[in-house]
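Q:
2 protein chains.
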Amino acid sequence: MRPVIAIDAMGGDRAPHEIVAGALAARDAVGVDVLLVGDDAAVRAELPGGEPPAGVSLLATTEVIAMHEDPAAAVRAKRDSSIVRAAEVVRDGRAHAFVGAGNTGATMAAALLRFGRIRGAARPAIAVPIPIAGSARRQLLVDGGATVDPQPEWLVQWAHLGRAYARLRLGVENPTVGLLSNGEEAGKGDALRKAAYARFEAEVPEFVGNVEGRDLSRVAADVIVTDGFTGNVALKTIEGAMMGIAGLVFSVLDEPDFAEISGPIKLRLLEAASDLLPDNTGGALLLGVQGVCVISHGSSSANAIVNAVRVAAACVEADVVESLAGSLRRAAV
Amino acid sequence: MRPVIAIDAMGGDRAPHEIVAGALAARDAVGVDVLLVGDDAAVRAELPGGEPPAGVSLLATTEVIAMHEDPAAAVRAKRDSSIVRAAEVVRDGRAHAFVGAGNTGATMAAALLRFGRIRGAARPAIAVPIPIAGSARRQLLVDGGATVDPQPEWLVQWAHLGRAYARLRLGVENPTVGLLSNGEEAGKGDALRKAAYARFEAEVPEFVGNVEGRDLSRVAADVIVTDGFTGNVALKTIEGAMMGIAGLVFSVLDEPDFAEISGPIKLRLLEAASDLLPDNTGGALLLGVQGVCVISHGSSSANAIVNAVRVAAACVEADVVESLAGSLRRAAV
């Protein structure tokens, strides 16, 4: 049976056009059935002939949660929104996974509220794959922004969940874990990190110790654990720094001295950097909830949706939710 | 009278060679007297003829605090270390400012313990100038790593101190302030940020609201306030991301297709990026202590020391410590 992936057709800056195009492409490229969740007229306008083709179905909803709405309030108030309904069809067994590129907080909140938590999971965390320039390796940053102000023991849980997920996502048998801190030495960190460090040493397999901000951009550990506040700041800091440097490089290449010869260099740079683009990293999995929810970035193109659906389908086929639940049972944290 | 700048000659990965060379160069380039603090033989070995020339003096010390020693313990134990003695000569009025590129935590701890705090300052913070690619503008990140686990009211103090310093360092009459958070909206943030936001709105002039990680790399606010843990992670994250992209770009330019034509492009890129290098940003000022302490990065070259001495001399001449103290008196926080 082909997995059924529910896709929030209204989510993201480029919805519904790119989302629906991505869903149709993913149906063939990944080999899934897709359930488009969104405004009936808006989605049909993107479908050839206005009708869902084979392998595609449509769940009409009447509300949309905008990108900057307060997540918790919006999920409570807009019960017929595409985000809430997409989470519900997974809960109800009509789809196997939920892919969304809309309001990240609302997508996480809907998944948490509709799926519920896996047994023993205190709070959810989002596992964001970070590319490394010039390397095929990825690192998973956990938590990329689901839960701020965590307790130390939640970080321990995220380490276990992150390792279980890294086996599937990174194909690593025995994933290593680093704790993001303000120095490599064991004594470094704020109160949260110091408390977590002692527990990581005692409880987390393959713990390599503290890692630093610069380790986010080089091979340091398969799973890098942090609180959702720091994780969000770090991810956006990487994005900003990369954009800044990229802008500088391209402005130099466009200078009169180089403009005539730099065309092929620019093309090659774009190709070499393509692995670093958020469209190509494949979406982030929400860890700790009783279902598969893959979050793609807010400006997702059709290609980003294909990659996110690929991740979601792999999670369904590997029964990743059971693997994650098992990791917490065995660790008994 | 020329300001006297005490320089930790033993501090940094490239000490004492680059530090002493930088001190000698700064004497002429900045117009200061320098007091080299460090091991007598090691420092003399770097001086022409083994003797301090005019405008240079030497304070011999017998201990060195290594880069990765525990700061507080090392400052307590090594009373005749170059870091501790360099702070003491400023406290005792034999020098006007302390410049160090060694163990950052120990440098800050020595300055805090020997200088004391300015009246009303709860905790120190370090103001790190962040360059913006393609712009002459700088932003000051406060705190870059002096104080983890701050109270919300300390962030308010750092905003006032940061604004007072930005007037001198950035030459901005009415500096704007942003609060680093995990989203732009007022409701975003962890408990610390939410508590701080309300106080910033009420008490901090020119508060522009929350800024995000990507705003560290583009013009967002003159002063960006955060806790020392997040600040340290963000600074090292920027460094890592920039190095990653730079490595990717240069590896493409070295590919066989481009190697013959890319020489001038590489030179121009290095020139265009030179403002982004830590050697050229000029050192970070420790805010909240009763004296001038400028911290240069750990791999400082002679040029980095010249730039740090320039910042220190400007701080002395503008009586920045009194300006900072005045900002807290007026704000009465």
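Chains as they are written, first to last, in the numbering used here: chain A, 1 to 333; chain B, 1 to 333.
Glycine included, every Cβ here is placed at the ideal spot set by N, Cα and C.
Along chain A, in chain order, which residues have C-beta atoms closer than 7 Å to that of Lys236 (chain B)?
A: To locate residue 236 (chain B), count along the second sequence from 1; it is residue 236. In chain order: Glu212, Gly213 and Arg214.
Q: Can you name, in chain order, every residue of its own chain whose Cβ lies under 6 Å from the Cβ of Glu18 (chain B), other than the five neighbours on each side?
A: On the second sequence, position 18 is the one that residue 18 (chain B) refers to. Cβ neighbours of Glu18 (chain B) beyond the five flanking positions: Ser301 and Ala302.
Q: What does a CB cutoff of less than 7 Å around Gly50 (chain A) pick up in its chain, not counting 5 residues either side in sequence?
A: What you label residue 50 (chain A) is simply residue 50 of the first sequence in a count that begins at 1. Result list for Gly50 (chain A): Arg44, in chain order.
Q: Is Arg119 (chain A) closer than 8 Å to Ala273 (chain A) when the C-beta atoms are compared?
A: Taking the first sequence and counting its residues from 1, the one referred to as residue 273 (chain A) is at position 273. Taking the first sequence and counting its residues from 1, the one referred to as residue 119 (chain A) is at position 119. In this structure, Arg119 (chain A) does not lie closer than 8 Å to Ala273 (chain A) by Cβ.
Q: Here's a check: name, in chain order, each residue in its chain whose Cβ is nearer than 6 Å to the Cβ of Leu112 (chain B), leaving out the five neighbours to either side.
A: Counted from its first residue, the second sequence places residue 112 (chain B) at position 112. Around Leu112 (chain B): Pro124 and Val289.
Q: Starting from Asn232 (chain B), trace the alpha helix (DSSP H) both ways and give me its first and last residue.
A: Stepping through the second sequence from its first residue, residue 232 (chain B) is reached at position 232. Asn232 (chain B) -> alpha helix (DSSP H) spans Gly228 to Leu253.
Q: Inspect the beta-carbon positions of Val156 (chain A) and Val204 (chain A) and report whether they are closer than 8 Å.
A: Residue mapping note: residue 156 (chain A) aligns to position 156 of the first sequence, counting from 1. Residue mapping note: residue 204 (chain A) aligns to position 204 of the first sequence, counting from 1. Yes, Cβ-Cβ distance for Val156 (chain A) and Val204 (chain A) is below 8 Å.
Q: Out of B:Leu287, B:Lys266 and B:Asp254, state which residue places its alpha-carbon closest to the alpha-carbon of Ala159 (chain B).
A: Position 159 of the second sequence, counted from the first residue, corresponds to residue 159 (chain B). Of the listed residues, the one whose Cα sits closest to Ala159 (chain B) is B:Leu287.
Q: Just list the residues that DSSP pairs Glu88 (chain B) with in beta bridges.
A: The sequence position of residue 88 (chain B) within the second sequence is 88, counting from 1. According to DSSP, which records beta bridges pairwise, Glu88 (chain B) is partnered with nothing at all.
Q: Got a sec: is the Cβ-Cβ distance from Asp40 (chain A) to anything in chain B below 8 Å?
A: Locating residue 40 (chain A) in the first sequence gives position 40, where the first residue counts as 1. No - not a single Cβ of chain B is within 8 Å of the one on Asp40 (chain A).
Q: Of all the options B:Phe98, B:Pro16 and B:Ala101, which has the alpha carbon lying nearest to the alpha carbon of Ala41 (chain B)?
A: In the second sequence, residue 41 (chain B) corresponds to position 41, counting from 1. With distances taken between Cα atoms, Ala41 (chain B) lies closest to B:Pro16.
Q: Where do the ends of the beta strand (DSSP E) carrying Ile65 (chain A) lie?
A: Here the question's residue 65 (chain A) lines up with position 65 in the first sequence. Looking at the DSSP string, Ile65 (chain A) is not in any beta strand (DSSP E), and its letter there is neither H nor E.
Q: If you reduce the DSSP assignment to three classes, tell me which class Phe207 (chain B) lands in.
A: Here residue 207 (chain B) refers to the residue found at position 207 of the second sequence. Of the three classes helix, strand and coil, the one that applies to Phe207 (chain B) here is strand, per DSSP.
Q: Along chain B, in chain order, which residues have C-beta atoms closer than 8 Å to that of Ala196 (chain A)?
A: Position 196 of the first sequence holds residue 196 (chain A). Within chain B, no residue comes near Ala196 (chain A); the closest Cβ sits about 12 Å away, beyond 8 Å.
Q: Does DSSP put Leu47 (chain B) in a helix, in a strand, or in coil?
A: On the second sequence, position 47 is the one that residue 47 (chain B) refers to. Looking at Leu47 (chain B) - three-state DSSP - the assignment turns out to be coil, as it is neither helix nor strand.
Q: Who are the neighbours of Leu180 (chain B) on chain A, taking C-beta pairs under 8 Å?
A: Numbered from 1 along the second sequence, position 180 holds the residue referred to as residue 180 (chain B). Val233, listed in chain order.
Q: Measuring CA to CA, which of B:Glu317, B:Pro3, B:Ile5 and B:Arg199 is closest to Arg169 (chain B)?
A: If you number the second sequence from 1, residue 169 (chain B) lands on position 169. Residue B:Glu317 is the option with its Cα nearest to Arg169 (chain B).
Q: Taking only the alpha-carbon atoms, compute the straight-line gap between Ser82 (chain A) and Asp92 (chain A) and give it to the nearest angstrom.
A: Here the question's residue 82 (chain A) lines up with position 82 in the first sequence. Here the question's residue 92 (chain A) lines up with position 92 in the first sequence. Taking the straight line joining both Cα atoms gives about 15 Å.
Q: Roughly how many whole angstroms lie between the Cα atoms of Lys78 (chain A) and Ala66 (chain A)?
A: As a position in the first sequence, residue 78 (chain A) is number 78, starting the count at 1. As a position in the first sequence, residue 66 (chain A) is number 66, starting the count at 1. If you take the alpha carbons of Lys78 (chain A) and Ala66 (chain A), they lie about 11 Å apart.
Q: Chain B beta carbons: is any one of them nearer than 8 Å to that of Gly12 (chain A)?
A: Position 12 of the first sequence holds residue 12 (chain A). Gly12 (chain A) does not count as touching chain B.
Q: Please list, in chain order, the residues of the region 239-253 of chain A that have any C-beta partner in chain B closer than 8 Å.
A: Listed by position along the chain: Glu239, Gly240, Ala241, Met242, Met243, Gly244, Ile245, Ala246, Gly247, Leu248, Val249, Ser251, Val252 and Leu253.
Q: Look at the alpha carbon of Gly22 (chain A) and the alpha carbon of Val56 (chain A), and state the distance between them as a whole number of angstroms.
A: Here residue 22 (chain A) corresponds to residue number 22 of the first sequence, with the count starting at 1. Here residue 56 (chain A) corresponds to residue number 56 of the first sequence, with the count starting at 1. Gly22 (chain A) and Val56 (chain A): Cα-Cα distance of roughly 12 Å.
Q: So is Gly134 (chain B) in contact with chain A if we call contact Cβ pairs under 8 Å?
A: Counted from its first residue, the second sequence places residue 134 (chain B) at position 134. Closer than 8 Å: yes.
Q: Is Asp215 (chain B) buried or exposed, if buried means 16 or more other CB atoms sit within 10 Å of its CB?
A: Here residue 215 (chain B) refers to the residue found at position 215 when the second sequence is read from its first residue. Per the 10 Å Cβ criterion, buried.
Q: Taking the CB atoms as reference points, tell me whether Ala97 (chain B) and Ala191 (chain B) lie closer together than 8 Å.
A: Here residue 97 (chain B) corresponds to residue number 97 of the second sequence, with the count starting at 1. Here residue 191 (chain B) corresponds to residue number 191 of the second sequence, with the count starting at 1. The answer is no: Cβ separation not under 8 Å.
Q: Are the CB atoms of Ile126 (chain A) and Ala110 (chain A) nearer to each other than 8 Å?
A: In the first sequence, counting from the first residue as 1, residue 126 (chain A) sits at position 126. In the first sequence, counting from the first residue as 1, residue 110 (chain A) sits at position 110. Result no, Cβ atoms of Ile126 (chain A) and Ala110 (chain A) do not sit closer than 8 Å.
Q: Cβ closer than 7 Å: which chain B residues qualify as neighbours of Ile261 (chain A)?
A: As a working note, residue 261 (chain A) is residue 261 in the first sequence. Those within 7 Å of Ile261 (chain A) in chain B are Ile261.
Q: Assuming contact is defined by CB atoms lying nearer than 8 Å, are Val99 (chain A) and Val294 (chain A) in contact in what I supplied?
A: As a working note, residue 99 (chain A) is residue 99 in the first sequence. As a working note, residue 294 (chain A) is residue 294 in the first sequence. Cβ atoms of Val99 (chain A) and Val294 (chain A): closer than 8 Å.
Q: Which of the three DSSP states is assigned to Gly283 (chain B) in this structure?
A: The residue labelled residue 283 (chain B) in the question sits at position 283 within the second sequence. Looking at Gly283 (chain B) - three-state DSSP - the assignment turns out to be coil, as it is neither helix nor strand.
Q: Please say whether Gly162 (chain A) and Ala220 (chain A) have beta carbons closer to each other than 8 Å?
A: For the purposes of this step, residue 220 (chain A) is identified with residue 220 of the first sequence, where counting begins at 1. For the purposes of this step, residue 162 (chain A) is identified with residue 162 of the first sequence, where counting begins at 1. No, they are not a contact pair.
Q: What does DSSP give as the partner residues of Arg117 (chain A) in its beta bridges?
A: Counting from 1 along the first sequence, the entry for residue 117 (chain A) is found at position 117. Note: Arg117 (chain A) sits in a beta bridge opposite A:Val289.
Q: Given a limit of 8 Å on CB to CB distance, which residues of the region 68-102 of chain B reach chain A?
A: Listed in sequence order: His68 and Asp70.
Q: Name the one or two DSSP bridge partners that Val56 (chain B) has.
A: For the purposes of this step, residue 56 (chain B) is identified with residue 56 of the second sequence, where counting begins at 1. DSSP output for Val56 (chain B) lists B:Val34 as bridge partner(s).
Q: Note down, in chain order, every chain A residue with its Cβ under 8 Å from the Cβ of Arg268 (chain B).
A: In the second sequence, residue 268 (chain B) corresponds to position 268, counting from 1. Neighbours of Arg268 (chain B) on chain A, chain order: Val252, Glu255, Asp257 and Phe258.
Q: In three-state terms, what does DSSP make of Asp150 (chain B)?
A: For this step, residue 150 (chain B) is matched to residue 150 along the second sequence. In the sequence under discussion, the amino acid at residue 150 (chain B) is Pro, which differs from the Asp named in the question. In the structure shown, Pro150 (chain B) sits in coil (DSSP, three-state: anything other than H, G, I, E or B).
Q: Identify every residue that forms a DSSP beta bridge with Phe98 (chain A).
A: On the first sequence, position 98 is the one that residue 98 (chain A) refers to. According to DSSP, which records beta bridges pairwise, Phe98 (chain A) is partnered with A:Ala6 and A:Cys293.
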